[in-house]
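Residue 750 is where the sequence shown starts when you use the numbering used here, and the numbers rise one by one after that. These notes concern the structure reproduced below.
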Amino acid sequence: MCLFMCMQMPHRPSYPTVDRNEVQLIDAASRTRFDEWGHSRVLHESVCLAQDTLTDYGYAEEMEELLEGTRWQRLLRMRAESSLPLNIEFLCSISAVPESESRQMTHSLITGDTMFAFTLAGQSFQLTVREMAIRLGIYTQEETEQPEFYDDPFCLPADFDAIAFWREHSSDDKEFVNKKSKARYWIRPSWRILSFVLSTSFFGRLSNTDRVYEEDMFVFWSLHDRQPVNVAVYLARFLYSQSYGCRTHLVFGFVITLLFRSLVGDAPIPRPVQLMRDLDAGMLRNAHIHRRLFPSSSESTTASTGPLHMRLESHPVSQRDRLSAFLVDDLLEHSWLALRRR
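Here you go:
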């Protein structure tokens, strides 16, 4: 019995639910929504990119090049504590103006001009998606007034071929299967890292961090093609989608806190808790990322792809085990990318 207990996975922290008297629900519809749906929801940790860890593992420069100048970078820089009562209030009260027959239908119709009504701390608000993006700091007022704000896509194009995209950018020898193919097979380590981080936040599925959904490819398609996208609508659709469905763990508490601060100011939030964790070595291992012992920049390509025996001999014996694991991953990565370029 003792041996069995010792072999169990580390205990996961428990995240308490919220009582109705902790949430300021000002109308009957919100209270009904809480009783039917909101009472069982809990907050969970989300992971954010950590410069120190990425530098230590040799991927800081690659991640910077991937995200630099994109809206995704602004989204991933959002930081704040979380409040379960505020999140539950927001999700139980949010509705589109006007609302469609079902939340699923409403979700599919959200655009930059969609108006949302909701409450926070018992106060009623109405904001368009555009106004919400400004308050969250992912767009400026001037940026939302440009034609590009309405022209930029917020989902994959109709003619997007997920199977072809997977074949080009993964090392998997199998065809892409939505929600079953593994993120570990993305060729670029930066994509594997980003997929893991987003799974714990804006993909909203912390228990399936190694799965690839077709809608995930919107992020990687936009980054690969350097295609500007409307992150405001993307985020609004994600937030609204969390107000229905069967998932019990909420991983975006920091977003609601930032929205609350922009609307109410520095008023205290109920049950504040810090649930944002920096990416660490253990998480990178879960994302199938090995530590790089050589820089990844173009200046170091020769050193990184030099003869195998020279690379082994240039490091102490104590590092050989770690190096062997890295070499397989690193050499395969370089070889695969070289073949793709031919």
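Even glycine gets a Cβ: it sits at the ideal position worked out from N, Cα and C.
Inset, instruction - Compare the Cα-Cα distances from His1037 to each of Ser844, Leu955 and Trp940 and report the closest residue. - result: Ranking Ser844, Leu955 and Trp940 by Cα distance to His1037 puts Trp940 first.
Inset, instruction - Could you check the C-alpha separation between Ile1005 and His918 for me, to the nearest Å? - result: Straight-line Cα distance between these residues: approximately 34 angstroms.
Legend entry - Proximity of Thr989 and His856 at Cβ, strictly below 7 angstroms: Note that residue 989 is Tyr in the sequence shown, not Thr. Contact: yes.
Inset, instruction - Answer with yes or no whether the minimum CB distance from Glu771 to chain B is below 7 angstroms. - result: No chain B is present in this structure, which holds just one protein chain.
Inset, instruction - Kindly provide the ranges of any alpha helix (DSSP H) runs that are 4 or more residues long and lie completely inside the region 868-934, ordered along the chain. - result: Counting only runs of 4 or more, we get 878-885, 890-893, 896-900 and 911-918.
Inset, instruction - Determine the DSSP secondary structure at Leu955, reduced to helix, strand or coil. - result: In the three-state reduction of the DSSP assignment, Leu955 falls in the coil class, being assigned neither a helical nor a strand state.
Legend entry - Val772, buried or exposed, once every other Cβ within 10 Å from all chains shown has been counted against 16: Counting Cβ neighbours within 10 Å, Val772 comes out buried, since at least 16 surround it.
Legend entry - Delimiting residues of the alpha helix (DSSP H) encompassing Val1004: In the DSSP annotation of this structure, the continuous segment of the alpha helix (DSSP H) that includes Val1004 starts and ends at Gly1002 to Val1013.
Legend entry - Exposure of Phe909, with buried meaning 16 or more beta-carbon neighbours within 10 Å: That one is exposed.
Inset, instruction - List in chain order: all unbroken alpha helix (DSSP H) runs of 4+ residues lying wholly within the region 802-858. - result: List check, alpha helix (DSSP H) in window: 809-816, 820-825, 833-842 and 852-857.
Inset, instruction - Return the chain-ordered list of same chain residues with a C-beta closer than 6 angstroms to the C-beta of Ser1011, the five sequence neighbours on each side being excluded. - result: In chain order, Arg884 place their CB closer than 6 angstroms to the CB of Ser1011, counting only its own chain and leaving out the 5 sequence neighbours on each side.
Inset, instruction - Whole angstroms is fine: what's the gap from Leu858's alpha carbon to Phe1009's? - result: Rounded to the nearest whole angstrom, the C-alpha separation of Leu858 and Phe1009 is 25 angstroms.
Inset, instruction - Using a threshold of 7 angstroms, state whether the C-beta atoms of Asp1027 and Ala870 are closer than that. - result: Contact flag unset, no.
Inset, instruction - Tell me, please, whether the region 927-934 touches the region 957-967 by the rule of three or more beta-carbon pairs shorter than 8 angstroms. - result: The region 927-934 vs the region 957-967: in contact.
Inset, instruction - Within its chain, find whatever has a CB closer than 6 angstroms to the CB of Val846; leave out the 5 residues flanking it on each side and keep chain order. - result: Answer for Val846: Met864 and Ala866, listed in chain order.
Inset, instruction - Kindly give me the distance between the Cβ atoms of Asn770 and Leu999, rounded to whole angstroms, as I take these residues to be in contact under 8 angstroms. - result: About 20 angstroms separates the Cβ atoms of Asn770 and Leu999, ruling out a contact at the 8 angstroms cut-off.
Legend entry - Within 7 angstroms, strictly: CB atoms of Val878 and Val968: For the 7 angstroms CB-CB criterion, Val878 and Val968 do not form a contact.
Legend entry - alpha helix (DSSP H) segment containing Asp784, residue limits: Element bounds for Asp784: Ala777 to Glu785.
Inset, instruction - Going by DSSP, name the residue or residues bridged to Arg960. - result: Answer by DSSP bridge pairing, in chain order: Lys931.
Legend entry - Thr781 to Ala1016 span [Cα, whole Å]: Taking C-alpha positions only, Thr781 is separated from Ala1016 by approximately 27 angstroms.
Inset, instruction - Pull up the DSSP beta-bridge partners for Arg1026, would you. - result: Residue pairing from DSSP places Arg1026 in a beta bridge opposite Val796.
Inset, instruction - Determine which residues share a DSSP beta bridge with Met864 and list them. - result: Bridge partners of Met864: Val846 and Thr877.
Inset, instruction - May I ask you to report which of helix, strand or coil DSSP gives His1037? - result: Coil.
Inset, instruction - Within its chain, find whatever has a CB closer than 7 angstroms to the CB of Arg820; leave out the 5 residues flanking it on each side and keep chain order. - result: So the list reads Ile887, Val978 and Val980, once near-sequence residues are dropped.
Legend entry - Neighbourhood of Ser992 by C-beta distance below 6 angstroms, restricted to the same chain and skipping five residues each side: Within the same chain, Cβ atoms closer than 6 angstroms to the Cβ of Ser992 are found at Leu840 and Ile843, the five residues on either side in sequence being excluded.
Inset, instruction - Assign Ala882 to one of two classes, buried (16 or more other C-beta atoms within 10 Å of its C-beta) or exposed (fewer than that). - result: Ala882 is classed as buried because its beta carbon has at least 16 other beta carbons within 10 Å across all chains shown.
Inset, instruction - Please check the pair Thr802 and Asp1029, which I expect to be a contact at CB under 8 angstroms, by giving their CB distance rounded to whole angstroms. - result: Correct: roughly 6 angstroms between the Cβ atoms.
Legend entry - 6 angstroms CB neighbourhood of Val767 in its chain, flanking five on each side removed: So the list reads Leu833, Pro834 and Ile837, once near-sequence residues are dropped.
Legend entry - Phe1001 versus Ser950, Glu814 and Glu924, residue with shortest Cα-Cα distance: Measuring from the Cα of Phe1001, the nearest candidate turns out to be Ser950.
Inset, instruction - Please say whether Arg933 and Asp959 have beta carbons closer to each other than 7 angstroms? - result: Contact flag set, yes.
Legend entry - Coarse secondary structure for Ser938, derived from DSSP in three states: According to the sequence provided, residue 938 is Pro. The question's Ser does not apply to it. DSSP places Pro938 within a helical segment (H, G or I) once states are collapsed to three.
Inset, instruction - Check Leu999 in the structure and name its three-state DSSP category. - result: Looking at Leu999 - three-state DSSP - the assignment turns out to be strand.
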